[in-house]
Structures are given as C-alpha cells and as structure tokens.
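Undergrad:
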Amino acid sequence: MKVRDFDGKNVYIVGGSSGIGLAAAEILAGRGSNIIIFARGRERLEEALERIKARKKRDRLRFAYKQLDITRPDEVERVMADAVDEFGPPDILINSAGRALPDYFENISYEQLDGSMKLHLYGNWNTVRALLPYLKERHGYIVNVCSVLGFVGVFGYSDYAASKHALMGLTESLKSELKPCGVGISILCPPDTDTPGFEVENRNKPPETVAVSEGGGLMQPEEVAEVLVKGMEKGKYFIGPGSARMLYLLKRYAPFLVDFVMDRQIRKVQKGNV
Ligand SMILES: NC(=O)c1ccc[n+]([C@@H]2O[C@H](COP(=O)([O-])OP(=O)(O)OC[C@H]3O[C@@H](n4cnc5c(N)ncnc54)[C@H](OP(=O)(O)O)[C@@H]3O)[C@@H](O)[C@H]2O)c1
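Structure representation (structure tokens):
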C-alpha cells in the first residue's frame, strides 16, 4: 500500500502542534492535504495551525485543530467522532505524540513508566481504535512515530525504550492484520531530532546517555518529515531517517557491535575520560 497522492486527502496528525508532527503537517499542506492536528495545549495548537495554513498549496483547503489527550480512551473516542463529523473522515493518520525523560533506572518513578506506556502504547492504540473503521472504508494509511529506541535499548531510556518497543510490536501486528483490508502502515523511527521535545529531553540526560547518543547526529524535524513523506509514497513499512537505517541493520545483523560501541562510550564517561 502506497500513498499515491496527498492532494485532497484528509490527514489527521496527533502531536501536530510541535516538532516532527508539525513539520509533517507543513509539508503535507504544501502537497494539497486538508490537515487537522491534535494535542493537549491550545496555545501551541493555534500557533501551529497558522504556520500550517501559511504553507497551503491553494485556497479552499481545510485546516483545523482539536484539543486531545490521547491517554484518555473515552476522550479519544469523543473527540475523534466530533472530528469526523466536522472535518470529514481520515485518509491518513499520523501518530506523533510522545516525550522522553531520560534518567538512571533507579530515578525513574512508577508514574513515569506508567505515563510512557499510556502515551506511546495505549495512546496510539486509542487513536487507531477510534479511526480504523474510517481508514478501512477509505483504504487509508497509518503512521506510528516510534524511535530508534523502538529497536535498541539505550542507557537512561528504560521506560521510554520499553514503551517504544511495545509500539513496535503493536505496529507490526497491525501491519499483518491490515494488509488484507487495504490499509497501509509505516513505522517512523527517527534518530535524535532538534525539536522542542528534544530540548526538554536534554535537560536531565545522564552523561552516559549523552555520550552514547552523540554518534547518531542530530536531524532537523523538516528533514525527518521529508523522509517520512517519501517513505509513505513508496509504501515503506520501516522508515529510518539519517543514521537510524544503519543502526537498524547493525542491530539486526551485528548486535554485538552495537553493544561494543555503546559499552565503550559508557565506560569512558564512567572512568572520567570524556
Ligand atoms: N525529537 C527526537 O529526538 C525524537 C527522536 C525519536 C523519536 N521521537 C518521537 O517523535 C515523536 C515527536 O517527537 P517531537 O520531538 O516532535 O516532540 P515534541 O516537539 O515535544 O511534540 C510532541 C507533540 O505531542 C503532543 N502530545 C504530547 N503528549 C500528548 C498527549 N498525551 N496527547 C496528545 N498529544 C500529546 C504535544 O503537544 P501537547 O504537549 O500540547 O499535548 C506535541 O504536539 C514522539 O513520538 C517522539 O517520541 C522524537
């Protein structure tokens, strides 16, 4: 399943008020899509909508936002039903909501683990559940935004990596289940990307985590979103921008090498050599 043309398509972007979700919204507005974005904070939604409108391919495209917390299943059902009524049913759903708060395992509370699972696993589950009947009817497309931490566990990301691995499992099962229904699906696994969320992520990063992450480079959200759009056009299941693709192959075919490089970085920091 490929997305042949974005023009005139109704695109629902969860987490579209910032970072990678917003960059995808801006690109797709320029390709002629009608865009509705979802997030919790109204102010950022309003500002993002203006940025998205400024990129529109032509007049008479539709743009809207709705406040939504995807960790609340009843709210997701209600808000998505309203969106379908008011905006029209989705052809494409992009699930980009997420956050990372790296720390040592001993410092991560049960509440933080619970929050990560509710956001990255249950939250994406909730939006797909609410919109799948429409996506099936329209032979639509789903993108779940995961992370390189969906296939590699990294020092400092115990709750985040666990929840993104869970999202990987959900998305792979959906891939197999949705193929006969004509619904396409991709998993986007970005490396470090320079977004407002990444700025928050960096505030409390253990030095070992910084050292391990440095090798992967830093992408811009627009670059990641461009790779995403091209991946959807090709109907690629795994979309790995920048260093993510190489890391994916290394983890699959030479996992000892990934461990070796990460362990060496961590040892250097712990011996005070960095
Ligand atoms: N940036 C990176 O380095 C990086 C790397 C790999 C993967 N990723 C993944 O890429 C995705 C986007 O990250 P980003 O860096 O672009 O983040 P970002 O700039 O912080 O944007 C996150 C978006 O998600 C929304 N959101 C957060 N919690 C939500 C909730 N409970 N319900 C609904 N919306 C919610 C935020 O708005 P509100 O806060 O107002 O709700 C915002 O619109 C995430 O899934 C992240 O895990 C990011």
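Per the numbering used here, the very first residue in the sequence shown carries number 4; after that it's consecutive. Where a beta carbon is used, it is the ideal one built from N, C-alpha and C, also for glycine.
Do you know offhand how far isoleucine 30's Cα is from glutamine 268's?
TA: The sequence position of residue 30 within the sequence shown is 27, counting from 1. The sequence position of residue 268 within the sequence shown is 265, counting from 1. Rounded to the nearest angstrom, the two C-alpha atoms are 37 angstroms apart.
Undergrad: Classify proline 199 as buried or exposed, calling it buried when 16 or more other Cβ atoms lie within 10 Å of its own Cβ.
TA: As a position in the sequence shown, residue 199 is number 196, starting the count at 1. So proline 199 counts as exposed.
Undergrad: What is the DSSP secondary structure of serine 291, counted as helix, strand or coil?
TA: A query on residue 291 cannot be resolved here, the shown segment of the chain reaching from 4 to 277 and no further.
Undergrad: Return the first residue and the last residue of the beta strand (DSSP E) that isoleucine 190 is part of.
TA: Here residue 190 corresponds to residue number 187 of the sequence shown, with the count starting at 1. Per DSSP, isoleucine 190 belongs to the beta strand (DSSP E) from 187 to 191.
Undergrad: Just to confirm before moving on: does the CB-CB distance between asparagine 129 and asparagine 147 stay below 8 angstroms?
TA: For the purposes of this step, residue 129 is identified with residue 126 of the sequence shown, where counting begins at 1. For the purposes of this step, residue 147 is identified with residue 144 of the sequence shown, where counting begins at 1. Not closer than 8 angstroms, so no.
Undergrad: If you count every other CB in all the chains shown that lies within 10 Å of the CB of lysine 12, and 16 or more means buried, which is it?
TA: The residue labelled residue 12 in the question sits at position 9 within the sequence shown. Result: buried.
Undergrad: Tell me the DSSP secondary structure of leucine 96 in three-state form.
TA: Your numbering for residue 96 matches position 93 in the sequence shown. Three-state DSSP puts leucine 96 in a strand.
Undergrad: Output needed for phenylalanine 280: all residues of its chain with C-beta closer than 8 angstroms, excluding positions within five of it in sequence on either side, in chain order.
TA: Absent from the structure is residue 280, since the part of the chain shown begins at 4 and ends at 277.
Undergrad: With H, G and I counted as helix, E and B as strand and the rest as coil, what does DSSP make of glutamine 70?
TA: Counting from 1 along the sequence shown, the entry for residue 70 is found at position 67. DSSP places glutamine 70 in strand when its eight states are reduced to three.
Undergrad: Report the start-end ranges of each alpha helix (DSSP H) in the stretch 113 to 164 that is 4 residues or longer and not cut off at the edges.
TA: Complete alpha helix (DSSP H) runs here, min 4: 113 to 119, 126 to 140.
Undergrad: Starting from the N-terminal side, write out each stretch of the beta strand (DSSP E) that is 3 residues or longer and does not extend beyond the stretch 170 to 234.
TA: For the stretch 170 to 234, whole beta strand (DSSP E) runs of length 3 or above, ordered along the chain, are 187 to 191.
Undergrad: Please state the DSSP three-state secondary structure of tyrosine 240.
TA: For the purposes of this step, residue 240 is identified with residue 237 of the sequence shown, where counting begins at 1. Of the three classes helix, strand and coil, the one that applies to tyrosine 240 here is coil, per DSSP.
Undergrad: Roughly how many angstroms separate the alpha carbons of histidine 123 and alanine 169, rounded to a whole number?
TA: Within the sequence shown, numbered from 1, the residue matching residue 123 stands at position 120. Within the sequence shown, numbered from 1, the residue matching residue 169 stands at position 166. In a straight line, the C-alpha of histidine 123 is about 8 angstroms away from that of alanine 169.
Undergrad: Does the contact criterion of 3 or more C-beta pairs under 8 angstroms hold for the stretch 238 to 250 versus the stretch 13 to 22?
TA: Output reads no: the stretch 13 to 22 does not touch the stretch 238 to 250.
Undergrad: Tell me, please, whether the stretch 209 to 225 touches the stretch 182 to 201 by the rule of three or more beta-carbon pairs shorter than 8 angstroms.
TA: Output reads yes: the stretch 182 to 201 touches the stretch 209 to 225.
Undergrad: Between asparagine 98 and isoleucine 73, what straight-line distance do the alpha-carbon atoms span, to the nearest angstrom?
TA: By 1-based counting over the sequence shown, the position of residue 98 is 95. By 1-based counting over the sequence shown, the position of residue 73 is 70. One C-alpha to the other measures close to 10 angstroms.
Undergrad: Is any heavy atom of ligand 1 found at a distance shorter than 7 angstroms from the C-beta of glycine 219?
TA: For the purposes of this step, residue 219 is identified with residue 216 of the sequence shown, where counting begins at 1. Every heavy atom of ligand 1 is 7 angstroms or more from the Cβ of glycine 219, so no.
Undergrad: Check whether the stretch 204 to 213 and the stretch 232 to 240 are in contact - that is, three or more C-beta pairs closer than 8 angstroms.
TA: With a cut-off of 8 angstroms, the stretch 232 to 240 and the stretch 204 to 213 do not count as touching, because too few Cβ pairs lie within range.
Undergrad: Compute every distance between the C-beta of arginine 102 and the non-hydrogen atoms of ligand 1, then say whether any falls below 7 angstroms.
TA: Mapped onto the sequence shown, residue 102 falls at position 99. Answer for arginine 102: yes, Cβ within range of ligand 1.
Undergrad: Alpha carbon to alpha carbon, what distance is there between leucine 138 and methionine 265?
TA: Here the question's residue 265 lines up with position 262 in the sequence shown. Here the question's residue 138 lines up with position 135 in the sequence shown. Distance between the alpha carbons of methionine 265 and leucine 138: 41 angstroms.
Undergrad: Check the DSSP bridge columns for alanine 42 and list the partner residues they point to.
TA: Residue numbering aside, residue 42 sits at position 39 when the sequence shown is read from its first letter. The partner list for alanine 42 (beta bridge, DSSP) reads Gln70.
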